[in-house]
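Single-structure report; data block below.
Protein chains: 2
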Amino acid sequence: MAKATIDNVAALAGVSIKTVSRVVNNEPNVRQATQEKVRDAIKQLNYRPSPSARSLASNRSFLVAMLYDNPSAHYIIDVQHGILKECRKRNYDLLIHPCKYQDAELCHEIENLLSKSRVDGVILTPPLSDIPEVMTTLDSLKMPYVRISPAEHHELSACVYCDDSRAAKDMAEYLIGLGHRRIGFIAGHPDHSSSAAREEGFGQALAEHKIKQPKRLVRQGFYDCDSGREAALHMLKTSKPPTAIFACNDNMAAGVIQAAHSLNIDIPAQLSVVGFDDSPICTLTWPELSTIRQPIEELAEKATALLLNELSNKPTSHEEKSLHCSLILRDSSGPAPE
Amino acid sequence: MAKATIDNVAALAGVSIKTVSRVVNNEPNVRQATQEKVRDAIKQLNYRPSPSARSLASNRSFLVAMLYDNPSAHYIIDVQHGILKECRKRNYDLLIHPCKYQDAELCHEIENLLSKSRVDGVILTPPLSDIPEVMTTLDSLKMPYVRISPAEHHELSACVYCDDSRAAKDMAEYLIGLGHRRIGFIAGHPDHSSSAAREEGFGQALAEHKIKQPKRLVRQGFYDCDSGREAALHMLKTSKPPTAIFACNDNMAAGVIQAAHSLNIDIPAQLSVVGFDDSPICTLTWPELSTIRQPIEELAEKATALLLNELSNKPTSHEEKSLHCSLILRDSSGPAPE
DNA sequence: CTGAAAGCGCTAACAA
DNA sequence: TTGTTAGCGCTTTCAG
C-alpha cells in the first residue's frame, strides 16, 4: 500500500482536500457528520500528513530544539524526558543540539542551526540560559524560546526555575538543627549561576543563626568529584575541621565522601555530608547521600508547555513559573559530634 | 532582511535555480567560475536551503532518529554524542525517541513516528536492537537502520558491537592471575543480551583454568545497584565467601561495594570488586572501581557512519563493525588474600 | 459550512 | 555545462 495523501483521503471521503485539512488540524466549521466521514477515511487509508509539506506550506515544523552544554548526563536526560513528555501530548518532535558555551563560534553555530528554520522554538538549559549573546541571537532570528533555570533577568523571556537559594537555606538550617556549627561549604562552578544562588541561601541561614563562617571553611569547586575531594581534604586537615560539609552538587559530595574514607573519618558519626541534585549517584555511595532534589523533569515539562503555548497562541507576555526543591535525607548526615 | 530563497540566489548570480541547486548539493558538472559566482551570492544573501522544501521535493529529510529504552543516562548520552558527531560532519540532525521496550504498543508507536516519514534512517540501541518485531516493523516501512550491540543475527541489518564475551574473559583471567579462585558472578538483566555474553566469557575463563564454579557464587541481578548489593550480601554471608566479585555492570558493582562496607569487609584487601561499563560512578565510589570500558561513543559514531553511507549510496549489503573493549584497573581489585 | 486555486521552495527529469 | 518545467503534499486565501 503506497503512502496515502490528502487527495486520497478527500476522494474516499467524498469531500475536498480543504475539508480534510480542516479535520486534521481541528479547525472549526466542519459538520459532525463530515468530520466522521473524513476520520473514517483517514483511518482506513492509514493516512499521516507529511511534515515537510505541512511545514513548507505553513512555515511551521512541529519540531523544537533543545540547546545545552552540561556535563551531567542525568540532568540532560531528565530535561530531555521532561520536554518529550510534553511534546508527545502535542505532537511535536525534539531535536537535540549540544554545544560548547565557551566556544567563540557558539552564536554562529546556533544561528546556523536555526536559520534553516527547521525548528519552531528552542529550549535553553544552564549555562546557556545565562548567556546574553545567545539570547540576542535568538531574538534577532525571532525564534521563540524558553529558558530553564536562568540566574536573573527573568523578564527577558519565558522561563522556569527553582529557588535554589531557598533550598540551600533549608538544608543549612537542617544541619544547624542537628547541632552543627562548623559547616564547610564547597561552591560549584563559577560559570553556573546555580552555585551563587546556593551559596547565598547557605550564607543566609548561617547569618540568621549568628554563625560566623571562617574563610578556611569555604572553598571553590567545579561541580566535579575531584574538586570536591580536594576541597574536603583541605578543610579536614585543619586543626578545627568542620563537622559537616555542604557541597554544591552530588559529584563534589561524593568527592567529600572519598576524602573522608581516605582519612578514616566516619560518616555520619564524625562528619555529615550533603549534596545537591539528587542524582543517581546518591544511592550508590556509601553511606547514601543526603541531598536536595530539584524537579528537573517537571521543570522541563513546564518549560515546554510554555513554549508550545507561545507557538500556538499569538499573544503572550513572557510567563514564568517556579517550582519547589525538597530535602532528601539519607544516611550521610546526622547529629553533630559533641 | 527577509529569508533568501533559491530564486534570489539564482538572480543575483545570474544563473538558473537548477545551477544553484547543483552547487548546493555538490553535484558535478558545474564550471568552476559558475560555482564561485553562486557561492558568492549564497554568502552575500546568507542563504540556507529550506529543509522542508528540500525534503518535500526529494523525499529526504536529513534527519535520523535514535530509538532507545535504556535506564543508564551516561550510556544514552554517550550514544547521542557519538551519533551527533557523525551527523554534524554530514549535515544531518538528530531526533530522539525513547520508548518502552515491553510496551504492547511499541511497534505501533514506532510506526507512528516513522510513517510520517520525517526521518531518513534509524539507530537502535539495546535492548531494542534485539527485538525481532521492531526490526520487522522497520523492514516493512523500508526504513534503513543500524543496530548497536545486537546479541545475534548480525546479518539481518548493518550493525556495530563489542565483543563483551571476550572482554569478560579478559577480566576473569586478570582476577585469576591475581590468585583468585572463588570468584562470585552477578549476572545482569536477563532481557539484555549483553549479560549473557558477559557470563559466557567469564565462564570460559574459569573453565580454561579448570576452576569449578559452585552455584552459590552465581546470582541473578538486574543491572541496578540494589540487586548488586543483595546478591553480594548473599555470597558474602556464606561460609566460603568469594575473594573477588565480578558484577555485570558498574551499578551492581557499586552495590557490592556497599555490601562490603556494611559487613566491614575491606576492599581490595579482603575482596576484589570489578564492574563493566566504565561509567562515571567508577571514580565516585570508594575505592574507585576497576571495570571494562566499552567505546560507546565510537560505536555510535560508526553506526551512524554506516547508516549515512547507506542513505547516500544506493547499493550496500549489511556491513558490520566490531570494536574492542579495554580493562580499566583502579583500586577496587588486587591480589587474593591467602 | 465547504471548495477551488494558488503557491510554499525545492529537486527530478528532461531539453538544449 | 546549463536551463525549463513539473510537481512533491500540504495550507492559505478567497469565493461561494
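Chains as they are written, first to last, in my numbering: chain A, 523 to 860; chain B, 523 to 860.
From the three backbone atoms N, C-alpha and C, an ideal C-beta is built for every residue, glycine too.
This structure is a prediction, so every number in the text was calculated from the model and none was measured.
With a cut-off of 8 Å, does the C-beta of residue i fall near any C-beta of chain A?
i, result
"I850 of chain B", "no"
"S854 of chain B", "no"
"L578 of chain B", "yes"
"L678 of chain B", "no"
Between residue i and residue j, is the Cβ-Cβ spacing less than 8 Å?
i, j, result
"M665 of chain A", "L636 of chain A", "yes"
"I670 of chain A", "R703 of chain A", "no"
"A680 of chain A", "E819 of chain A", "no"
"A626 of chain B", "C847 of chain B", "no"
"V796 of chain B", "S854 of chain B", "yes"
"A775 of chain A", "S715 of chain A", "no"
"R720 of chain B", "D692 of chain B", "no"
"N592 of chain A", "T647 of chain A", "yes"
"L616 of chain B", "L617 of chain A", "yes"
"S839 of chain A", "H596 of chain A", "no"
"L755 of chain B", "A791 of chain B", "no"
"I605 of chain A", "A822 of chain A", "yes"
"R738 of chain A", "V778 of chain A", "no"
"K744 of chain B", "H711 of chain B", "Note on residue identity: the sequence assigns Phe, not Lys, to residue 744 of chain B. Yes, the pair counts as a contact, with Cβ atoms nearer than the cut-off."
"A709 of chain A", "Q742 of chain A", "yes"
"I850 of chain B", "I814 of chain B", "yes"
"T826 of chain A", "C609 of chain A", "yes"
"R561 of chain A", "K638 of chain B", "no"
"Q566 of chain A", "L534 of chain A", "yes"
"R544 of chain B", "V531 of chain B", "no"
"A727 of chain B", "A694 of chain B", "yes"
"I599 of chain A", "I539 of chain B", "no"
Considering only C-alpha positions, which residue in the set the options is nearest to residue i?
i, options, result
"G701 of chain B", "B:A827, B:S794, B:T556", "B:S794"
"D788 of chain A", "A:T805, A:A858, A:M774, A:Q726", "A:A858"
"T805 of chain A", "B:T813, B:D746, B:K638, B:T760", "B:D746"
"G723 of chain B", "B:S761, B:P763, B:R751, B:A769", "B:A769"
"S574 of chain B", "A:F584, A:R544, A:P550", "A:F584"
"G706 of chain B", "B:E655, B:H675, B:A766", "B:A766"
"Y590 of chain B", "B:V644, B:V545, B:R741, B:V560", "B:V644"
"H676 of chain B", "B:R612, B:D652, B:L663, B:A533", "B:D652"
"I864 of chain A", "A:E633, A:P764, A:V740, A:R640", "The shown model of chain A, from 523 to 860, leaves out residue 864 of chain A, and the question about it has no answer."
"L758 of chain A", "A:Y696, A:N773, A:N786", "A:N786"
"S812 of chain B", "B:Q602, B:H630, B:G856", "B:G856"
"D642 of chain B", "B:E655, B:D799, B:K607, B:M588", "B:M588"
"V586 of chain A", "A:E730, A:H619, A:N835, A:S543", "A:H619"
"C621 of chain B", "B:E631, B:Y614, B:N613", "B:E631"
"Y614 of chain B", "A:N613, A:N634, A:T541", "A:N634"
"G536 of chain B", "B:K525, B:E549, B:G725, B:E558", "B:E558"
"D529 of chain B", "B:A563, B:L660, B:N831", "B:A563"
"N547 of chain B", "B:H731, B:S834, B:S662, B:E860", "B:S834"
Does any C-beta atom of chain B lie closer than 8 Å to the C-beta of residue i?
i, result
"S747 of chain A", "It should be pointed out that residue 747 of chain A corresponds to Cys in this sequence rather than to Ser. So yes, C747 of chain A belongs to the interface."
"S583 of chain A", "yes"
"L606 of chain A", "yes"
"R640 of chain A", "yes"
Inset, instruction - Scan the segment 613-638 of chain A for residues whose Cβ lies nearer than 7 Å to a Cβ of chain B and list them as they occur along the chain. - result: D615, L616, L617, I618, P620, S637, K638
Inset, instruction - Anything in the segment 585-602 of chain B with a Cβ closer than 7 Å to a Cβ of chain A? List those residues in chain order, please. - result: A595, H596, I598, I599, Q602
Legend entry - Against chain A: residues of the segment 543-576 of chain B by CB proximity under 9 Å: N568, R570, P571, S572, P573, S574, A575, R576
Inset, instruction - Closer than 7 Å, Cβ to Cβ, to anything on chain B: give me those residues from the segment 775-797 of chain A, in chain order. - result: A776, I779, Q780, H783
Legend entry - Ordered list of beta strand (DSSP E) runs contained in the segment 695-759 of chain A, each at least 3 residues: 705-709, 740-742
Inset, instruction - With 8 Å as the limit, tell me which residues of the segment 755-776 of chain A have their beta carbon closer than that to any beta carbon of chain B; keep them in chain order. - result: N773, A776
Inset, instruction - Compile a chain-ordered list of the residues in the segment 803-814 of chain A whose CB is closer than 9 Å to at least one CB of chain B. - result: I803, T805, L806, T807, W808, P809, E810
Inset, instruction - Output the residue ranges of the beta strand (DSSP E) runs that lie fully inside the segment 541-596 of chain A and measure 3 residues or longer, sorted by chain position. - result: 585-590
Inset, instruction - Quick one: which unbroken beta strand (DSSP E) runs of 3-plus residues sit fully inside the segment 630-656 of chain A? Chain order, please. - result: 643-646
Legend entry - Whole runs of the beta strand (DSSP E) within the segment 592-625 of chain B, excluding any shorter than 3 residues: 615-620
Inset, instruction - Ignoring anything shorter than 4 residues or poking outside the segment 750-827 of chain B, list the alpha helix (DSSP H) runs there in chain order. - result: 772-784
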